[in-house]
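Notes for the one structure printed next.
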């Protein structure tokens, strides 16, 4: 039998059983990993010493609990940004540091880096994977680059123009409901709820050409999307639910799987139905029929997309992109619209100026409808939207994981492997970037004032190669909704101040309540 000398441990030759060899090899591998991790941790700590940090809650918990997803937590974070305007270090437990960056200069090297050097960090997005798959939000590397190139034509203005009819129709349905609710003079409404349903209604039409009437009656598909969003936010707040094997055993985990199946089945059915249509019609006939209806929906564009080698997207890829668009497009736009209506309710002088701008644009027009070319003719309304997106960006932060050392303009180094939180909210509230950052002032977005600022001072749709591909779609929808809403309703504040709740999307605790008062027929 093979003999193994362990004299260095004070033992004589022993029989080297396979189990002993396996134990030694395994122990050596584990020791090597521990030593490598210890060295990397020490090296990272040395590099990160040049980044300031607020006092820890405790040695073991680090900074966990210092900034909570509440109104108080938001105010605390704003104080931290004022104290550390370039950014600061946070510890998640005793051994996991990450950087929160909140200044245009410090985020520039990361936003300008390629998607392989600063890919999206999956720690904060991994829970979405069973629902969204490898769509643009969650994919990385070559697959992300490949899909981004193939999807870019789907957001060309020639594709977006016909969606204007859909936006107008969806907001008209919402306004009819508001008119009924305000039949006695005015109505107190949760903007988050109404606008979320309206954006989902628009998205189902733009993505699937599907008429769900979800603003007027319950929709199983829409209910599943709302449930998935709520379950993901709930899981994010409970660290014990992070491990997948534990989450699957919980009632929430089972609800999540059921909702995922329902959403996937709906999307798959639409894709299969279109696949059956294409071969019988042929691509040319298919496009001619679509041209008559003047709408090429998102599924159509994806089915017809081909890369440089003539390769099409698989059904699984199409489903992932369609589900991603539904997720990213409804909550973010609804959040942005809710907050701009809130600010205009607080500032009636700005609201009235926007209303006069819309009235002047639509004077004597029948039917009352916002068209694509009108979007550029609403400069003050656009300024009001942008200032609201500055104060309340729908996505408060995005995360990036550095796959190599990144050198900042001041010479500091972000070491390889560190997760960076690009705080969009922090940049937008940074007093060294924006004077009086908590004041709502649309005139910040006069063209002359914009020239004086860094292009990275205002990034509600993120920045760099992984910026939001649907930002033109979102801005077009927001302008249509806001213009028609101000034309038909006066928006008034309530006694309830909204409490901000920053999650993957900036929400409000208990909704965002405003009063709406009809202004008469089209208020021309």
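Residue numbers (mature numbering (1 follows the signal peptide of the UniProt record, and there is no 0)): -16 to -1, 1 to 508. Every residue, glycine too, gets a C-beta built ideally from N, C-alpha and C.
Across the structure, residue 293 and residue 452 are spaced so that their CA atoms are roughly 26 Å apart. The beta-carbon distance between residue 501 and residue 424, rounded to whole angstroms, is 21 Å. This is too long to meet the 8 Å contact definition.
For residue 382, no alpha helix (DSSP H) encloses it; the enclosing beta strand (DSSP E) starts and ends at 381 to 385. According to DSSP, residue 84 shares a beta bridge with 72 and 405. For the pair of segments examined, the region 92 to 109 was found to touch the region 384 to 396: the number of CB pairs separated by less than 8 Å reaches three. In the three-state reduction of the DSSP assignment, residue 502 falls in the strand class. In chain order, 54, 55, 492, 493 and 494 place their CB closer than 8 Å to the CB of residue 483, counting only its own chain and leaving out the 5 sequence neighbours on each side.
Residue 138 has its alpha-carbon roughly 30 Å from the corresponding atom of residue 242. When rounded, the separation of the alpha-carbon atoms in residue 348 and residue 182 is 27 Å.
Nearest to residue 127 by C-alpha distance, out of 450, 191, 213 and 402, is 450. The region 5 to 13 makes no contact with the region 37 to 53: fewer than 3 CB pairs, one atom from each, lie closer than 8 Å. When only Cα atoms are considered, residue 58 and residue 382 end up about 16 Å apart. Taking C-beta separations shorter than 7 Å and ignoring five residues to either side along the sequence, the partners of residue 334 in its chain run 328, 368 and 426, following chain order. If the five residues before and after residue 203 are omitted, its C-beta is found closer than 6 Å to the C-beta atoms of 196, all from its own chain and listed in chain order. Annotation: the continuous beta strand (DSSP E) that includes residue 490 extends over 490 to 492. A contact is defined here as three or more CB-CB pairs under 8 Å, and the region 153 to 165 fails this definition with respect to the region 299 to 308. With 16 or more other Cβ atoms inside 10 Å of its own Cβ, residue 192 counts as buried.
DSSP places residue 174 inside the beta strand (DSSP E), whose first and last residues are 171 to 174.
In terms of Cβ geometry, residue 144 and residue 409 do not form a close pair [threshold 9 Å]. If you check the CB distance, residue 81 and residue 440 do not come in under 9 Å. For residue 94, same chain residues with a beta-carbon under 8 Å away, outside a window of 5 residues either side, are 85, 102, 384, 386, 390, 398, 404, 406 and 448 in chain order. Burial check for residue 362: the Cβ neighbour count within 10 Å reaches 16 or more, so the residue is buried. In the three-state reduction of the DSSP assignment, residue 396 falls in the coil class. Taking 9 Å as the cut-off, the Cβ atoms of residue 442 and residue 455 do not count as close. Taking all protein chains in view, the Cβ of residue 67 is surrounded by fewer than 16 other Cβ atoms within 10 Å, so the residue is classified as exposed. The C-beta of residue 3 has fewer than 16 other C-beta atoms within 10 Å across all chains shown, which makes the residue exposed.
Residue 394 sits away from residue 188, with the two beta carbons spaced by 9 Å or more. With 16 or more other CB atoms across the displayed protein chains lying within 10 angstroms of its CB, residue 326 is buried. The closest CA to that of residue 289, considering only 220, 167, 211 and 134, is found on 134.
With distances taken between CA atoms, residue 210 lies nearest to 185 out of 185, 190 and 356. The beta carbons of residue 172 and residue 474 sit about 13 Å from each other, so the pair does not count as a contact at 8 Å. Separation of the CB atoms of residue 311 and residue 179 is rounded to 16 Å, and the pair is thereby denied contact status at 8 Å. Here the alpha carbon of residue 422 sits roughly 24 Å from the alpha carbon of residue 339. Here residue 257 is exposed. Its C-beta has fewer than 16 other C-beta atoms within 10 Å. In the same chain as residue 45, and ignoring 5 residues on each side of it, the C-beta atoms closer than 7 Å to its own belong to 77, in chain order. A straight-line Cα-Cα distance of about 18 Å links residue 472 and residue 323.
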